[in-house]
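Here the structure is laid out as structure tokens; the discussion comes afterwards.
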Amino acid sequence: MREFKPLKPSVFQFSFAELTAFFEEKGMAKFRAKQLWNWLYVHGQCAFNQMSNLPGSLKVFLENNFSCETPRLAKELTSNDGTKKWLFEGPDGKRFEAVFIPERSRGTLCVSSQIGCFVGCKFCRTGSQGFERNLSADEVLGQVLFAKTLLGDWPTNPQNRKINNLVFMGMGEPLFNYENLCKAVNILTCKSGLEFSRHDITVSTSGITDKILPLARDTGVNLAVSLHAVSEEKRSVLIPINKTYKLSELFATVKKYPEMSKTDRVTFEYVMLEDINDSEDDARLFAQVIKGIRAKINLIPFNAWDGSELKSSCQEAIERFALILRKAGYICTIRNSRGQDIMAACGQLKTSKRFLKLDQLQLDSVEKAVDKSNCGRSI
Ligand code: SF4
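Residue numbering for the sequence shown follows the numbering used here, beginning at 665 and increasing consecutively.
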């Protein structure tokens, strides 16, 4: 799979163990690696020459050999409800995005794992644009570091932080960028640095079954499954990759996830599409096929985008659907859309008349930075 490599490697590419091993290999004291780690991930310091307890020779070495930059910001949009959308540009000029959603009790950051996506879900604007490349681990991590800096969320304080919920629900299929995803999670959860709890991180997948249990074993984070249909036929139309990763296999795999990852339950995400997957029969079948899985369900009203012929189910149909699932004993929530005024939903940015008034640079940026379904933004 393609992955862009900038000339000067990022210092954020190292896990703590790798950084320590690198320092040892270069004949430097191990504790220097810990000092550097502390600057990067406790204080958010991105200038080597400001790391006051490092010797001058080490600062020069780091300066000459590594970049210490988070992704370059191409554009920021802020919604009336406080939701922020950041459009980043990689060193190759390709663009990706992250969204911050402040709520009363928590702050959620939704990050991207790829630029574009080849899963091709029919309801997703990102999916309609094809795949460009994987994000590197430092680009994934860099979205979090950038957001923390912009929100004034340093030094790291696990008891009182502005971002305390991380969701891999932005552009791309995270499990198709597995190694970089795991490395980023490893750094995010490092006790000597950012110290996110594994239970505060959720990875959303369209159902790449052969990576689901490895994810449980390697990270122990929460799992969300973009389900969207409960019969093989219907799901294969909405999510073409279902022809390869069958629903039957997906349910059998997901059933083992909570125990293996020591998480409470799996979340099934389900976009509500009028006359497609929103009937009472669909709801009853839903309850039946997930029987025995420790799960909760999140129903998502579809955010229509220009060019899509799909329509969202009406509120009444969504409530009816939810009721059937609740009566079957499941926790079933209905997602509120956030950031609608900044067109935070997938693909809305590209064709919005409001955006057609922007200059071409902005428009190009926006066109390349549509996100996907979850976080209530892309579908
Ligand atoms: S919903 Fe997710 S997996 Fe599906 S096309 Fe969009 S980004 Fe890819």
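Note that beta-carbon positions come from the ideal geometry of N, C-alpha and C, so glycine has one too.
Are residue i and residue j close, meaning C-beta to C-beta below 8 Å?
i, j, result
"Leu-902", "Glu-933", "no"
"Gln-823", "Asn-798", "no"
"Gly-771", "Lys-812", "no"
"Val-706", "Gly-857", "yes"
"Val-918", "Ile-876", "yes"
"Lys-1054", "Gly-956", "The question about residue 1054 has no answer here: the residues shown for the chain are numbered 665 through 1043."
"Thr-873", "Tyr-842", "no"
"Glu-740", "Lys-748", "yes"
Can you look up residue i in the DSSP assignment and give me helix, strand or coil?
i, result
"Ser-1029", "Interpretation of Ser-1029 is limited by its pLDDT of 32, a score under 50 that renders its predicted location unreliable; no figure is taken from the coordinates."
"Ala-959", "strand"
"Asn-906", "helix"
"Ala-981", "helix"
"Asn-713", "helix"
"Leu-704", "helix"
"Ser-868", "strand"
"Ala-893", "coil"
Rounded to whole angstroms, what is the Cα-Cα separation between residue i and residue j?
i, j, result
"Leu-726", "Glu-688", "15 Å"
"Ser-943", "Leu-949", "10 Å"
"Ile-765", "Arg-881", "29 Å"
"Lys-907", "Arg-862", "31 Å"
"Gly-780", "Glu-796", "5 Å"
"Ile-961", "Cys-774", "19 Å"
"Thr-734", "Asn-744", "26 Å"
"Leu-683", "Ala-697", "6 Å"
"Val-889", "Pro-878", "15 Å"
"Leu-704", "Met-835", "26 Å"
"Val-930", "Lys-855", "25 Å"
"Trp-701", "Phe-730", "14 Å"
"Arg-759", "Lys-694", "36 Å"
"Glu-753", "Gln-952", "44 Å"
"Asp-756", "Arg-736", "11 Å"
"Leu-974", "Lys-898", "14 Å"
"Leu-911", "Ala-738", "39 Å"
Taking 6 Å as the limit between beta carbons, can you name the residues of its chain near residue i, skipping five residues before and five after?
i, result
"Pro-838", "Ser-777, Phe-832, Leu-845, Val-867"
"Asn-829", "Arg-770, Thr-772, Asp-864"
"Thr-853", "Phe-860, Arg-862"
"Arg-958", "Pro-922, Arg-929"
If you drop the 5 nearest sequence neighbours on each side, which residues of the same chain put their C-beta closer than 8 Å to that of residue i?
i, result
"Ala-982", "Position check: residue 982 holds Ile in this sequence, whereas Ala was assumed. Correct list, in chain order: Met-936, Asp-942, Leu-963, Pro-965, Ile-998."
"Cys-732", "Ser-674, Val-675, Phe-676, Leu-704, Cys-710, Ala-711, Phe-712, Leu-726"
For residue i, I'd like the list of residues in its chain whose CB is within less than 7 Å of its CB, leaving aside the five on either flank, ordered along the chain.
i, result
"Asp-817", "Arg-825, Lys-826, Ile-827"
Taking 8 Å as the CB-CB limit, is residue i close to chain C?
i, result
"Gly-771", "Among the chains of the structure shown, chain C does not appear; only one protein chain is present."
**Study point:** Those runs of the beta strand (DSSP E) which lie wholly inside the region 776-862 and span at least 3 residues
**Key:** With a minimum length of 3 residues, the continuous beta strand (DSSP E) runs that stay inside the region 776-862 are 778-780, 795-798, 829-832.
Practice item. Mind listing, in chain order, the continuous alpha helix (DSSP H) runs of no fewer than 4 residues lying wholly within the region 717-777? Key: 720-729, all fully within the region 717-777.
**Study point:** Every unbroken alpha helix (DSSP H) within the region 920-966, with a cutoff of 4 residues, ordered by chain
**Key:** Taking only runs of at least 4 residues, the alpha helix (DSSP H) segments lying wholly in the region 920-966 are 921-925, 944-953.
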